[in-house]
Amino acid sequence: MREIEKIFRAIRCADEDKVTLATYMLQERDDVWWASLLHTRFKDGAIDVAWDEFVRLFRAKFIPEHIQDRMEHEFLSLAQGSMTVLE
1 MREIEKIFRA IRCADEDKVT LATYMLQERD DVWWASLLHT RFKDGAIDVA
51 WDEFVRLFRA KFIPEHIQDR MEHEFLSLAQ GSMTVLE
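Residue 1 is where the sequence shown starts when you use the UniProt record's numbering, and the numbers rise one by one after that.
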């Protein structure tokens, strides 16, 4: 996901195109998951998923909760000089 987001920043990808481009790059297990989700959740063919929602669904499926918690804690603990992320 990090690599995809780096590409999006580099090409200045519009938010409304991110899900389409990201799902095009999915491979193997990820691609099977997305195809299944499309089949079960979007039966009418209307794929109206915001990028934030796609990322949330992807992380919920592929990144264990304890890893997500650790990543959030590490992010919030980052500091530059005497300033924290929240400052």
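Glycine included, C-beta positions come from ideal geometry on N, C-alpha and C. Only a predicted model underlies this, so the values are computations on that prediction, with no experimental measurement involved.
Cα atoms of residue 25 and residue 41: separation of roughly 20 angstroms, rounded to the nearest angstrom.
Cβ-Cβ separation between residue 23 and residue 34: approximately 5 angstroms, consistent with a contact (criterion under 8 angstroms). Put simply, the backbone Cα of residue 16 is about 31 angstroms away from that of residue 77. Residue 54 holds the alpha-carbon nearest to the alpha-carbon of residue 19 among 30, 2, 54 and 58.
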